[in-house]
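Trainee: Residue numbering for the sequence shown is 838 to 933, as defined by the numbering used here. The beta carbon of each residue, even a glycine, is placed where N, CA and C say it ideally should be.
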Amino acid sequence: MFRGISNLNLDAKGRMAMPARYRDVISAEASGQVVVTVDHTDRCLLIYPMNEWLKVEQTLMSLPNMNRRVRNMQRLILGHASEHELDGQGRMLLPL
Numbered sequence: 838m839f840r841g842i843s844n845l846n847l848d849a850k851g852r853m854a855m856p857a858r859y860r861d862v863i864s865a866e867a868s869g870q871v872v873v874t875v876d877h878t879d880r881c882l883l884i885y886p887m888n889e890w891l892k893v894e895q896t897l898m899s900l901p902n903m904n905r906r907v908r909n910m911q912r913l914i915l916g917h918a919s920e921h922e923l924d925g926q927g928r929m930l931l932p933l
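(1) What is the residue span of the beta strand (DSSP E) that A854 lies within?
(2) Write down the C-beta distance between M855 and G927 rounded to the nearest angstrom, noting that I regard them as a contact closer than 8 Å.
(3) Within the same chain, show all residues whose beta-carbon is closer than 6 Å to that of T874, passing over the 5 residues directly before and after it, in chain order.
(4) Can you tell me the Cβ-Cβ gap for L923 and G869, rounded? I've got them flagged as a contact below 8 Å.
(5) Starting from Y859, follow its DSSP beta bridges and name the residues at the other end.
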């Protein structure tokens, strides 16, 4: 799992460059596959290597969805999740 906050920019084509300190981890542990979703409380994106996302997804799905707050959190985080692959320069295209 990544730690820290990074302010990132999108290029004119909607691509985001993955910080260098994370590229090797994503390539080695997740074959360049990541999942991007929204944070349900803050205005930011959450980025997970695919292998870590599967654990997060399983945890979210196991929560009691009869609770309205839990259901809203699941809807936002899971509903906005999208899979991406890093290109040769360590960038990914984000949906706009």
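Mentor: Taking the structure as given:
(1) 852–854
(2) So it is a contact: roughly 5 Å between Cβ atoms.
(3) Spatial neighbours of T874 in its own chain (CB-CB distance under 6 Å, excluding positions within 5 residues in sequence) are listed in chain order as L883, I914, H917, A918.
(4) Taking C-beta atoms under 8 Å as the contact rule, L923 and G869 qualify, at a distance of about 4 Å.
(5) Beta-bridge pairing links Y859 to no other residue.
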